[in-house]
Every structure is written in structure tokens, then in C-alpha cells.
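Each number in this note's numbering corresponds to the 1-based position in the sequence shown with 161 added. Glycine is no exception: its CB is placed at the ideal position from the N, C-alpha and C atoms.
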Amino acid sequence: MVHALGTGSGTEALVFRPEGHALPQGIALADGAEVPSAMPVDPGTHTGIAIIDDGIGFLNARFRSDPVTSRFLGVWLQSAALKHGDSMGRVLNAVAVARLTAATATTAEAVLYRDLLNELHADPRLVRTILQAATHGTHVLDLAAGADPLDLANPMRRLPLIGVQLPPEAVNDTSGMQMTVPLLQGLRWAIMVAQTARLDRLIVNASLGILAGSKDGKSFLERQMARLIARAGRIGLEVHIVLPYGNDHEGRQVARLSAATGGHGAITLRLQPQDATPSYVEIRDLAAREAGDGAPLSIGLTLPDGTDIAAATVALGGSRDVLWRGRLVGRLYHRPRKAGRDAVVLLALAPTQAIAPGDATAPAGAWTIRFDDAGVHDIVLQVQRDDRAAGYRLSGRQAYFEAADAHSWNRRTRDWTGHDHPSCPIRHDGTNSAYATSPHPQIHNVGGALLTEGRAARPADYAARGADWSGIEPRLSAVSETSSAIRGLRASGTLSGTTARFSGSSAAAPTLTRALALNDPGGPVPVAAGDQDRLGAKALTANPAIR
Numbered sequence: 162m163v164h165a166l167g168t169g170s171g172t173e174a175l176v177f178r179p180e181g182h183a184l185p186q187g188i189a190l191a192d193g194a195e196v197p198s199a200m201p202v203d204p205g206t207h208t209g210i211a212i213i214d215d216g217i218g219f220l221n222a223r224f225r226s227d228p229v230t231s232r233f234l235g236v237w238l239q240s241a242a243l244k245h246g247d248s249m250g251r252v253l254n255a256v257a258v259a260r261l262t263a264a265t266a267t268t269a270e271a272v273l274y275r276d277l278l279n280e281l282h283a284d285p286r287l288v289r290t291i292l293q294a295a296t297h298g299t300h301v302l303d304l305a306a307g308a309d310p311l312d313l314a315n316p317m318r319r320l321p322l323i324g325v326q327l328p329p330e331a332v333n334d335t336s337g338m339q340m341t342v343p344l345l346q347g348l349r350w351a352i353m354v355a356q357t358a359r360l361d362r363l364i365v366n367a368s369l370g371i372l373a374g375s376k377d378g379k380s381f382l383e384r385q386m387a388r389l390i391a392r393a394g395r396i397g398l399e400v401h402i403v404l405p406y407g408n409d410h411e412g413r414q415v416a417r418l419s420a421a422t423g424g425h426g427a428i429t430l431r432l433q434p435q436d437a438t439p440s441y442v443e444i445r446d447l448a449a450r451e452a453g454d455g456a457p458l459s460i461g462l463t464l465p466d467g468t469d470i471a472a473a474t475v476a477l478g479g480s481r482d483v484l485w486r487g488r489l490v491g492r493l494y495h496r497p498r499k500a501g502r503d504a505v506v507l508l509a510l511a512p513t514q515a516i517a518p519g520d521a522t523a524p525a526g527a528w529t530i531r532f533d534d535a536g537v538h539d540i541v542l543q544v545q546r547d548d549r550a551a552g553y554r555l556s557g558r559q560a561y562f563e564a565a566d567a568h569s570w571n572r573r574t575r576d577w578t579g580h581d582h583p584s585c586p587i588r589h590d591g592t593n594s595a596y597a598t599s600p601h602p603q604i605h606n607v608g609g610a611l612l613t614e615g616r617a618a619r620p621a622d623y624a625a626r627g628a629d630w631s632g633i634e635p636r637l638s639a640v641s642e643t644s645s646a647i648r649g650l651r652a653s654g655t656l657s658g659t660t661a662r663f664s665g666s667s668a669a670a671p672t673l674t675r676a677l678a679l680n681d682p683g684g685p686v687p688v689a690a691g692d693q694d695r696l697g698a699k700a701l702t703a704n705p706a707i708r
């Protein structure tokens, strides 16, 4: 038998749980304990903060209401495969977290993390970022909800926390191929914990993102986030989700081929050597967005050694092999327009470095992607994110676009990397995250701002820019840099009493999370009109967690 939370006439269940258990089926509960029916929430507290991230130092003193009491209602340590069993990780309820927090009086936090994770992951080769001095999740959570447990006047100390630590496998694959399921499952679980604790509001910080996507607010992830917000509202819980707007302004990962950009009929994709992960390019004809699939794109390829693959169309819903020296090194896939999604052609290329003997590898170097009749189309190409996640071993190396007219003088960086002129096919616009294009009023995207000496906000070097085809512009931005000389914001390191620096709009998003949780805008300043496509109308400049 199962109990369904949030059921009622005409209402779909938000979460199902097995009879006698307080968690979704397949999640092991620490120490055999149930999630308490009465969570340790102070009377009068109606708002909680959830974080979905990697390497969350949940024993850190910055996340306690006093020197010995944890603020966590629960922590889900997700894992793709357990050392013992096949469930999706281990859940620590409030009681289990409290026990571990009490144990820090006699045992080092790092030892407790080590012992916990040694029993969690089946693959001993997985990177466990929580054992490193600085972790993305701890830094982000400190900016979002950290407080000195001795500061009795700080209202943040009264707000409960919920943590979802994503599987290492999902985080290490920066293309996002393994991210959607654990992220949505973590969001569902966080909503369930908040509802069980009788919270009225839940602010969820997910400082995650990828570059390529439809960017129309209709991706599966964005639609599901909006759906969960609506379902939570039906059980009396107001949920807000805060996301970073993106960091790829200078990444050379977006190109546009049309009459407006000089009528280019080809673009160069550069695959880097020693890239142990596949590379992906999404190709869309914007002219066909409102008119079905339109005329199929005829696509040809020239490989780095001059091998030519003749231009041809990809059948609707079909694929074409990319062969090099008789071996399959890539494939072109076509996904037709369906259920409001636009049509897309995906170019998938093998790694340039083999993981195992006999693996197919694509040649590194300059690949030319050619289009017949490009002038009658409006083609946008996006190279999917494929870099190294913070704290993980180098595996992916980012592919990027190259063009002859993408080397003008760049005054800011004082080198020949400028590509701002309108006729250049490589674009700054449309570099925003594919996760952050939903128009839903409770899904917030945040740009990364650099504060000048006069406390004015201007875009950080990496702050993404929106486009007419790439969803919404950022609603607002927040500080992610306080100096052009020293990168990033200093906040908590993994262990209590330590600090670390992280950069990017991932560090900007939690400032809005804190402001929403406390109903305190934190001193917004207006943004210059020319920067609003990267920063929004206002920038939040204050966050007491910044050291």
C-alpha cells in the first residue's frame, strides 16, 4: 500500500511513499529511523531553504542554529549505485544529521564524511568532492543560508535547511545528460520534506546549468519544474526555484548563420585533443520554429584531415552516420517538432581520446559544418557544455567555434579574441543557460555582476547574454565578483572555520535565494540599460555571507 501526499478531488499526487515509510521507495533511510512527524522547526518559522548541488558540507557550523544544533530537516546523498544494494542513495533525516553533528565534538568532520561516503558509492574511483577543502555546494549554501551560530540577532539561524547532494556521475557529466532525473527527484523529495515539516514557503537553490537547449521555456526540465511548483501550491506550499543565468559569454559556443550575419554557409567547430567525453552540437533553424519543421537542413562536414562528407538532409526522426577511415566517429540525429518543441538536429561526435582500448575516437582539430542554402534559413548552432566540473578530474575538454572574422581587438582582455561585430557568426547573444529560460514567475534566473569601486554593477566577464530566440533575459542579477583582480566570492569552505573562493553566476544565484527567504532585497542597484540583457534591471549587491 502507498500513501499519496497532496491528493484530493482532481489533484494529482505530488509524491507517493510506501506504507510505513516516509520516503519514496528505493531510498535507504539511515539507521532505520523514520522522518519525524514533527520536524525541529522553531514556532513561527514558515520558510525553508533547499539546496540541490554537489559536495554539501552539511556538518559545517555555518548551518547550525546554535553551536550544537543542526538546521537540516534532511539530507539526501544521491548515488547512481550503492555499495550495498541498488537504491538511489542514502537519506539522513533530522535525527541522523543531529547525531552526526553531535559527533563533531569528538570526531573531525572530514572523518565523518569519509566514513559515510565509503559506505555509499559502489565505484571507489568516483571523486568525492566533500573530502576536498572547497566544495561548490558548501560555498553556494553558505551564500544562500549560512550564518554565524553565535549571532543571536541573525534571522537566518531560524530557517531550516534541506539538502540534496547529486550523484557524482551526474555532476561530472557537465553536458547534463545524467542530470535531469536526479535533479527532479531531489526537488520532489525536498517538497515532500518541507510539506511534512508544515512549511509554507520553500526557496530552492539549484546552481546548475548547461548551455545548449531549446531555450524556449518548454524543455522537459523546465516544464516539470513549473508542474511541481503548481502541485506544491495545491498542498499549501509556495515553492521558488533559483537558477544561474549562465557563464558562457566568452565561450565561443554559440553561432548564428543567416543573412543578418553575412550569409555565412559554414562554421568551424574545433574539437580539442585529449577530450575523453563526447561532444554535441545542437542545430536549429529558427525560421522553422513557427512553421513546423520547414525545409530540412542539408548538412555536410569536412574533417580535420580534409575528409569530406557530402551535404545531405537527415530524415525526420532519423539519423546519418559520420564515418572516418571506415569507423563510426559520430552521428547526425533529427528530432522532429512535437508537443510544442521545435525541431533540432544533433551532431554527436566521439571523444578524441579513448577511455578503453578499441574505443572509437574522432580526430581532434577543425571540423567544418556546412549548410546548403544557408541564406534562406536562420540557423543557430550551440555547442553543449563539456568542461570539467569543479573538484573533478579532467575528462571533458570544451569544443568551441572558430571563424576567420572572430579575431578583432578585444579592449577588455587586450588580445585578439573580439567577435562583437554583427557580421561575425560566433555570437555572445544566446549564451544563457538552457535551464534558465522559463517565464514562470516562481522560477528565477540570476546573472553574475561585478561590483565596481563605486558599488555600480556591470556584467562579469563571463555573464551570459540573452537573445531574441533564447528565452527570457535575466530578471535581475547579484554580485558574483567584488574585484577584477581577485576572482570570485569568498565564503565557507567545506569544513567549519575555513573559507574558499568560487566564481560564476552559480555564486550569484544564492544571494537571491537568501533575499527571497528573508524577504530582504539586499540593497538592489539599477543596471545600465546597455547591460540589462545580461544583468536584468537591478542587481543585488549585499550578502552578509561574503567574507
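Integer-rounded CB distance, given that residue j should sit under 8 Å from residue i
i	j	result
A564	P586	5 Å
D436	R549	Their Cβ separation, rounded to whole angstroms, is 11 Å, which puts D436 and R549 out of contact at 8 Å.
L673	V403	5 Å
V483	L462	6 Å
L510	S440	5 Å
R433	A525	Reading off the sequence shown, one finds Gln at residue 433, where the question assumed Arg. Indeed they touch by this definition, with Cβ atoms about 6 Å apart.
Q326	L458	41 Å between Cβ atoms; not a contact.
S368	D214	6 Å
D692	P635	Not confirmed; about 10 Å, so no contact.
L611	S645	7 Å
L220	L261	6 Å
Spatial distance of residue i from residue j (CA atoms)
i	j	result
D130	N408	This structure cannot speak to residue 130, because the chain is shown only from 162 to 708.
A624	L696	8 Å
G337	A331	7 Å
I323	G374	29 Å
V739	L418	The question about residue 739 has no answer, for the chain in this structure spans 162 to 708.
A527	R225	52 Å
D622	H401	28 Å
D533	L447	16 Å
V537	R445	13 Å
E614	P687	15 Å
L273	A259	13 Å
G608	N279	37 Å
A269	A669	30 Å
G209	R362	6 Å
L710	D312	For the chain, the structure presents residues 162 to 708; residue 710 sits outside this window and is missing.
P602	V365	14 Å
H425	T659	52 Å
T267	I217	21 Å
L382	R431	29 Å
8 Å Cβ shell around residue i - same chain, five flanking residues per side excluded
i	result
L372	G407, D409, G412, Q414, V415, Q543, V544, Q545, R546, T592, S594 and A595
I707	L304, V640, T643, L650, R651 and A652
S198	For S198, the pLDDT reaches just 34, beneath the cut-off of 50, and the residue's location in the model is therefore unreliable, although a value from the coordinates is still provided. For S198, where only same-chain residues beyond five positions count, the Cβ hits under 8 Å are T357.
A191	Low local confidence applies: a pLDDT of 46 at A191 is under 50, so the model's placement there is unreliable, with the coordinate-based value given in what follows. R251, V252, L253, N254 and A257.
I470	G461, L462, T463, L464, V483 and L484
A263	V229
V288	P329, N333, G552, Y553 and R554
Residue i - DSSP class collapsed to helix/strand/coil
i	result
P671	helix
Q545	coil
L493	strand
Y391	Checking the displayed sequence, the identity of residue 391 turns out to be Ala instead of Tyr. Correct three-state label for A391: helix.
N122	For the chain, the structure presents residues 162 to 708; residue 122 sits outside this window and is missing.
A504	coil
R488	strand
A698	coil
Q514	coil
S231	strand
H538	coil
T357	helix
D566	coil
Cβ shell of residue i (< 7 Å), same chain only, five flanking positions each side left out
i	result
T172	Note that T172 has pLDDT 38, beneath the 50 cutoff, so the model's placement of it is unreliable and the number below is only indicative. Cβ within range, chain order: R395.
R275	L292
P705	none
D566	S584 and C585
Cut-off 6 Å between Cβ atoms - residues of its own chain near residue i, not counting five sequence neighbours on either side
i	result
K376	A595, T598, S631 and G632
G683	A676, L701 and A703
A427	T529 and R531
D590	R626 and A628
M340	A331
I709	Residue coverage of the chain in this structure runs from 162 to 708, which leaves residue 709 outside it and unanswerable.
G193	Low local confidence applies: a pLDDT of 42 at G193 is under 50, so the model's placement there is unreliable, with the coordinate-based value given in what follows. Here the set comprises nothing.
Any non-hydrogen atom of the ligand HEM within 7 Å of residue i CB
i	result
H297	Only the bare structure without any ligand can be found here, which leaves the ligand HEM out of the picture.
Item to complete: Please specify which runs of the beta strand (DSSP E), each continuous and at least 3 residues long, are wholly inside the stretch 320 to 347, giving them in chain order.
Response: 322 to 326
Item to complete: Would you mind listing the beta strand (DSSP E) stretches within the stretch 397 to 468 that are 3+ residues and don't spill past its ends, in chain order?
Response: The beta strand (DSSP E) runs of length 3 or more contained entirely in the stretch 397 to 468 are, from start to end of the chain, 399 to 405, 415 to 418, 427 to 432, 440 to 446 and 459 to 463.
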